[in-house]
Structures are given as structure tokens and as C-alpha cells.
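Student: Chain order of the listed sequences is A and B.
Residue numbering for the first sequence follows this note's numbering, starting at 2 and increasing by one per position.
Residue numbering for the second sequence follows this note's numbering, starting at 2 and increasing by one per position.
Cβ atoms here follow ideal geometry from the backbone N, Cα and C, with glycine treated the same way.
Number of protein chains: 2
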Amino acid sequence: MASSRPKGRKAESGTVSVPTGRRLTAESRERQIVEGAIAYFAEVGLDGHTRELARRLGIAQPLLFRYFPTKASLIERIYEEVYLKRWKLGWEETVRDASLPCLERFRRFEMDYQRTIDDYAWLRIFVSAGLKGFDLPSRYLGMVRERIFAPLLEDMRAESNLPSPQAQPLVADEFELLFGIHGALVYVGLRSRVYGMDGTADRDAVRAAMLDAALPGLLATHRRVVTRARPVNPIGE
Amino acid sequence: MASSRPKGRKAESGTVSVPTGRRLTAESRERQIVEGAIAYFAEVGLDGHTRELARRLGIAQPLLFRYFPTKASLIERIYEEVYLKRWKLGWEETVRDASLPCLERFRRFEMDYQRTIDDYAWLRIFVSAGLKGFDLPSRYLGMVRERIFAPLLEDMRAESNLPSPQAQPLVADEFELLFGIHGALVYVGLRSRVYGMDGTADRDAVRAAMLDAALPGLLATHRRVVTRARPVNPIGE
DNA sequence: CCTCCTCTTGAGCGATCGATCAACAAGGGC
DNA sequence: GCCCTTGTTGATCGATCGCTCAAGAGGAGG
């Protein structure tokens, strides 16, 4: 029971050089820590322990604190690495691409976006941060709302000959229209990555089918939402 | 800084009767603990601490262990209280109600189901349990799949003159059809309860609108999925 | 070979975790 | 009035948390 360490490092006479903890450059060591922290905290949640993280990395626990002054700063770095760094400016370009119909822009954005976030670490750390009350999830979804959905809805208004957002501001129900389809796609990943359901081998194909089913009626529903939201007698029509 | 206790209980000479910790019957004390534990663990996650839970209840921490031998047993009790006990047999009756069209059964089930689970404790503990690797979420969603979606899909097959599940087993894509709409509705609650987004005042109305938008095309999509899933030359048609 | 810089570690600090135990206290039955 | 059952608590245990610090150890430059 006592000598349970798997390999190396003799128990007594502690000054024996370790085989695992090779000497690395500061840069590569920091990268190793960040990658390991992403995988570890994704698995056990942000309440994970620094000692266990160090054990998995094969390094001593104080070494973590040489590269990150606190556990919170390491988690902050994970946010940058997993969420901010994986945000693609191409998404914002896609939804503004005037050469494509709005529905096709939405479809292309969602397929690529979902492929990005249907990731063990992305989804689990996102949810864990939400549970812990961090503002990362709300801020991130605020970006989706303002940088993706808002310009898309603006062009959907134009495509349907509806008043522009300058003339008649976007209403919550319009965003809910897009968040509804969005949520159906996200839920596919959540069931697998967070709830541990084993079904659905090809989630990408499932999402493509969902979009095929939901998109055809979207513009009509959008028109209904906007016209109903504006109880003004239609003069110019 | 030292005498920071809010009320009662003198600091020194510790044997003073406490005003808050009144003597309760075992039954009502246990209920108080369960209710408080649900609220507390929903707020901070299942990694919450027994000392803080006891402090919020105004009782001593060891009292928790008189009613629940371990923290895990208390959490197990929460599962029974929040999930098993709130499962409504009426849901299984609704989706089998032959006097209603399948789409109406689905609509009624989802509206009532979502009203049940769009609850701070329900959603957050569900997600927290999933992150900690407990099998509660997968088992619960398995119940939804087998007891709700499976009988509903069977009758949808009949309503569309498609082969019964006995003749041709239900395929994963059919379940995904229902889980897609289901996920869009769940996501409305998740954004508010877990991700902390403040939007959407009347989530119930938003979900009703989502169903109005998604249900009309559901049967046609279902027919397409089933017929495509069976690459046999149609003879008897 | 020695030196110095820097990556790395063992030991340990104060705080806090889940859980235990003997002692206190509030009523109900006699 | 007393006693005995039972709800309740303070004190405390061993383990583990985030974090600190001084000393060990591996290379590059001289």
C-alpha cells in the first residue's frame, strides 16, 4: 500500500534525479501546462486540483505556480486559448457575404461553428464556467448575438423587404429564432460531451439534417415575427 | 474582524442555547436539509461544501451526517427528489393519447416537460452531475427516449402509413428529429439558468413560438427520414 | 574545469475538506 | 418532580486544498 508510485523516483533518500521531469524551455513547458490543464479541467471541471494536474503532467506541483501565479490565472489563460483564440473572424465575414442568400450564410456559419465547439474541452469548460458563475459564457454568447446574429438578421430583413433595423430595431423574438436552431445544434454536442449519451455516431451529419429541416421555413417565420411585432397599419405596402 | 458572526451565540463560554437551531422532528429537519441542499448545490455545483450548506441552514455541520451518512447519499437523495419524483406519468399517457394527432401530443408534452425542467435547481444540478461523470443525465435522457419519443415515433409511423417499428425498427435519425426540437427548447432554459444570459423574459412564450415554427414540417421530414433509411424498392406502394 | 543562470523540486505553511464522537439539551412518559 | 429517548452541538481527526520558499540540478559560456 505504501510504495504505490507507478515508476521511478525511489521512496527514500529523496535526492534522485527524475526521469520524467526533463528540463524544458520555459516556452514549451508553459505550452505543455496549458494543454494539460485544458484536458484536465475539461474532464473534472474547474474545481479540479493543481496537485492532480501536476501529477498527470509528470511534474511537481509548485512548477505550475512558476508559470501561473494563481490557479485563477491559469484558468483565465484557458479561456483565451479555448474560446477567444478559436473565434474565427471568417464567421463574421460569412454572415455578411452579400454573394450568398442569408439562409446559406447561416447554414455555413453553423456547420463550421458547431464543428469548432463540438469539442470535449470547449463544451465542458464552457458549461463548468457557467455553473461557477463566471461571465465567460454570457459574454461569449453575447458576441454570437451581436457579431453573427445581428448582422444576419439585418440582411434577412432586407432579403424579405422588411424595414431595416435602423428604421425598426431588431426584437428579441428574431434573435430567439436563430438561437432556437442554434440551440438544437449545440444540444447534439451537449448530449454527447456533457450528458455522456453514447448515441449519434456522426453528429456532423445529424446537424446537417437538422439544418435541412429547419432552414426552409425560417424566412417565412421571420417575416411573421417581424410583421407581428410591428402593429402599425401597413401604408407603403 | 473577529466577532463577525451575524447574530446570537456569544463568542466565549460556548454553552449557550442557540436561537436559530430550534429542535425539530426528524421528519421536518430532514426535509429542511433536502430542500436547502437542493438550493445550495444548484447554486454552487455538486462540489459544494457541507459546512457552507449547514451554515446556510443555520445548523451545525455534523447534524447533516446524522440524517445522511455521507455527502454522496445526500446527493443521491437530491436526485430522487428533483428528477425521479418530478417525472410525470402523465407525459407517457399524453404521447400515447390516441384521441390527439401526434404533433399535438408532442406539443403538449414538450410544453409541460419544459415548464418542469426550466427550473434553476433542475437544470444546474443536471448539468453539474453530467460534468462529474454521474450517469443520472444519460439515464434520465434514456427514459425520455424510450418512454416518450419511442412510443411517439411509433404512432407517427402509423399516422404517416409507414411500417411499424416491429416491421422496421426505429432508427437513430428519427430520434434525432425529436431531440432536435427538444434541444432547441432546453437551450432556452440553459442560456438563462446555466449561462447566465438575462435575455428572454417570457421563455414559455418563446418555446411555444418555436414549436409553432418547427412542428408543421415535422411529419414530412419524418417520412423522408424513414423512407430514405429503408433502401428497399417500394412494392406495396 | 568552474560559474552562473534558470528550470525544477521536496518540504511545509495555513486553511479547509468530509466525517467522527462524546457531551449537551429539549421534551414526553412515568 | 425525575428519567430516558433523541435531536443537536463543539471539538477534533486525518486528508487535502492553494500556495510559498529555499535548495537541488541541468546546461551554456568562460
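1. Compute the distance between the beta-carbons of I34 of chain B and L75 of chain B, then report whether it is under 9 Å.
2. Does the Cβ-Cβ distance between F176 of chain B and A151 of chain B come in under 9 Å?
3. Counting only beta-carbon separations shorter than 9 Å, does G197 of chain B have a partner in chain A?
4. May I ask which residues mark the beginning and end of the alpha helix (DSSP H) holding E93 of chain A?
5. Can you tell me which of B:Y141, B:V189, B:R146 and B:L220 puts its alpha carbon nearest to the alpha carbon of S161 of chain B?
6. With DSSP run on the structure shown, which of helix, strand or coil describes Q169 of chain A?
7. Just the C-alpha distance for A40 of chain B and F127 of chain B, rounded to the nearest angstrom, thanks.
8. Any beta-carbon of chain A closer than 9 Å to the one on D48 of chain B?
9. Quick one: is D1 of chain A buried, meaning 16 or more other Cβ sit within 10 Å of its Cβ, or exposed?
10. With a threshold of 9 Å between beta carbons, is F180 of chain B in contact with chain A?
11. CB-CB under 6 Å to D213 of chain B, same chain, minus the five flanking residues each way: which ones, in chain order?
12. Going residue by residue through the region 29-75 of chain B, where are the continuous alpha helix (DSSP H) segments of at least 4 residues, counting only ones entirely within it?
13. Within 9 Å (strictly less), CB to CB, does M157 of chain A reach chain B?
14. Could you tell me which uninterrupted alpha helix (DSSP H) segments, each at least 4 residues in length, are contained entirely in the region 172-199 of chain A, listed from first to last along the chain?
15. Count the other CB atoms within 10 Å of the CB of E204 of chain B; is the residue buried (16 or more) or exposed (fewer)?
16. So what does DSSP say about R143 of chain A, is it helix, strand or coil?
17. Name the chain B residues whose beta carbon is nearer than 8 Å to that of Y188 of chain A?
18. Give me the residue from A:A55, A:G134 and A:H223 with the minimum Cα distance to I182 of chain A.
19. Using C-beta distances below 8 Å, list every residue in its chain close to W88 of chain B, excluding the 5 sequence neighbours before and after it, in chain order.
20. Please report whether the beta-carbon of K89 of chain A lies at a distance below 9 Å from any beta-carbon of chain B.
21. Can you list, in chain order, the residues of its chain with a C-beta nearer than 6 Å to that of T228 of chain A? Leave out the 5 residues immediately preceding and following it.
22. With 16 as the cutoff for other CB atoms within 10 Å, does Q167 of chain B come out buried or exposed?
23. Is there a C-beta anywhere in chain A that falls below 9 Å from the one on E36 of chain B?
24. Under 9 Å Cβ-Cβ, which residues of chain A neighbour G218 of chain B?
25. Can a CB atom of chain A be found closer than 9 Å to the CB of R57 of chain B?
26. Between which two residues does the alpha helix (DSSP H) carrying R109 of chain B extend?
27. Report, in whole angstroms, the separation of the C-beta atoms of Y80 of chain B and L142 of chain B, which I expect to be a contact under 8 Å.
28. Considering only residues of the same chain and omitting the five flanking positions on each side of M211 of chain A, which have a CB-CB separation below 8 Å?
29. For T201 of chain B, is the classification buried or exposed, using 16 other Cβ atoms within 10 angstroms of its Cβ as the cut-off for buried?
30. With a threshold of 16 other CB atoms inside 10 Å of the CB of R67 of chain A, please say whether the residue is buried or exposed.
31. Can you find the residues in the same chain that come closer than 7 Å, C-beta to C-beta, to F110 of chain A, ignoring five residues on each side of it along the sequence?
32. Using 10 angstroms around the beta-carbon of E28 of chain B, count the other beta-carbons present and answer buried if the total reaches 16, otherwise exposed.
33. Using the Cα positions of G237 of chain A and L163 of chain A, report the straight-line distance between them to the nearest angstrom.
34. Which residues in chain B have a C-beta closer than 8 Å to the C-beta of D174 of chain A? List them in chain order.
35. Compare the Cα-Cα distances from F135 of chain B to each of B:F42, B:A43 and B:L47 and report the closest residue.
Tutor: So, to answer that:
1. yes
2. yes
3. yes
4. L90 to T95
5. B:L220
6. coil
7. 13 Å
8. yes
9. The question about residue 1 of chain A has no answer, for chain A in this structure spans 2 to 238.
10. yes
11. none
12. 51-58 and 62-68
13. no
14. 173-194
15. Position check: residue 204 of chain B holds Arg in this sequence, whereas Glu was assumed. It is buried - the Cβ of R204 of chain B has at least 16 other Cβ atoms within 10 Å.
16. One detail in the question is off: residue 143 of chain A reads as Gly in this sequence, not Arg. If DSSP states are grouped into helix, strand and coil, G143 of chain A belongs with the helices.
17. F180, G181, H183, G184, A185, V187 and Y188
18. A:H223
19. M144
20. no
21. none
22. exposed
23. no
24. A214, A215, P217 and G218
25. no
26. C103 to I118
27. Between L142 of chain B and Y80 of chain B the Cβ distance is about 14 Å, and since that is not below 8 Å, they are no contact.
28. I182, A185, L186 and V189
29. buried
30. exposed
31. W92, T95, V96 and I149
32. exposed
33. Unreliable positioning characterises G237 of chain A in this predicted model, as indicated by a pLDDT of 45, which lies under 50. A coordinate reading is not provided.
34. V207 and A210
35. B:L47
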